[in-house]
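Here the structure comes first, spelled out in structure tokens, and everything after it is commentary.
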Amino acid sequence: MTTLLKPKVMVEFMKDLASEAGAIVASYFEGQFKVESKDSVPSGIDIVTDADKASERFIMDQIGKNFPTHDILTEETPTERTGAKYLWIIDPLDGTVNFSHSYPHFGISIALMQDDEIIAGVIFDPVRQEMFYASKGYGAFLNGTRIHVSENKGLFTCILGTGFPYDKAESRVNNLEEFCTVTPLAQGVRRSGSAALDLAWVACGRLDGFWELKLKPWDFSAGIVLVKEARGRVTDRHGGSMGLSSQSILATNSLIHDNLIEILSRVV
Ligand code: IPD
Ligand code: CA
Ligand code: CA
């Protein structure tokens, strides 16, 4: 029988990983790095840098050494799923476009899933030295202090985050209509360039809500447990439960959630 891992213990290991990966990413940010196009979209705007690769190599090596039987799902390296009880979900650098333009807003995101449930998540911002972390049942924290979502109720007093997929030039499912529908109704809508940090910022109340389409599991998995443990609500844009293959995400302080589901449903 597999001994179950304790989320609160695992999160400490994950904080160390994210902190060291953050130092690797920061050293590239201050120095030189190569940028390559991933060719996932014809426009070539989906890129990867030496920093993404070095951060990923470090995190994968550490998980491999400490938990050799666990599965890993990570952005830059294809891996096989063996059906292990535990799955690590990693974005070694979220906000690569920002990073490549010396725009100082990016993070490292690491989540741990047990069966079908995310039990711990860490998002580290190496520029601000902000470590966001949460483990199931133990709350969400920023640098050791408990965090909660905001208490804003009316959209006109709310600031929201969103983003646009890399295939925005090729696909009409690109969030532009949704952006135009929501923007006149909110106090402000921001496009930060890091979905992981957007979710962390919902958890600590800097944003009242966040939605995006076509994100990948590594963009949102750690953020889901953070927002939930900070007393927020996370669903897909229709109010359905989130899974690894969800095609949209809506994360809010819970008070504006149903309102945003209705507003987003105006775009078909
Ligand atoms: C991207 C960022 C961005 C979001 C994109 C993501 P990456 O991740 O999170 O904010 O709008 O959809 O793909 O490529 O920088 O890891
Ligand atoms: Ca990402
Ligand atoms: Ca990434």
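Positions 175 to 442 (our numbering) are the ones given, in order, by the sequence shown. Beta carbons are placed, not taken as given, at the ideal position from N, Cα and C, and that holds for glycine. Owing to the predicted nature of the structure, the values given are computational and were not obtained by experimental measurement.
Continuous beta strand (DSSP E) stretch holding R364: start and end: 362-364
Cα-Cα separation between I263 and L178, rounded to whole angstroms: 18 Å
Cβ-based burial, L191 [other Cβ within 10 Å; buried from 16]: buried
7 Å Cβ shell around S274 - same chain, five flanking residues per side excluded: V209, I221, T223
Host beta strand (DSSP E) of I263 (start-end): 260-268
Cβ-based burial, P358 [other Cβ within 10 Å; buried from 16]: exposed
Cβ pair count under 8 Å reaching 3, the stretch 336-344 against the stretch 428-441: no
DSSP-derived helix/strand/coil call for R440: coil
Nearest-angstrom Cα separation, counted from V442 out to E351: 9 Å
For E443, the three-state DSSP class (helix, strand or coil): This structure cannot speak to residue 443, because the chain is shown only from 175 to 442.
8 Å Cβ cutoff, S345 in contact with chain C: Of the chains in the structure shown, none is chain C; there is only one protein chain.
Rounded separation between T355 and V363 - CA only: 11 Å
Residue environment, D393, which counts as buried when at least 16 other CB atoms sit within 10 Å: buried
Three-state class that DSSP yields for R407 in the structure shown: strand
R440 burial status per 10 Å Cβ neighbour count (16 or more: buried): exposed
Distance cut-off 7 Å: L389 Cβ against heavy atoms of ligand 1: yes
Buried versus exposed, by CB contacts within 10 Å (16 or more), D382: buried
4-residue-minimum alpha helix (DSSP H) runs that sit fully inside the stretch 363-434, ordered along the chain: 369-377, 391-403
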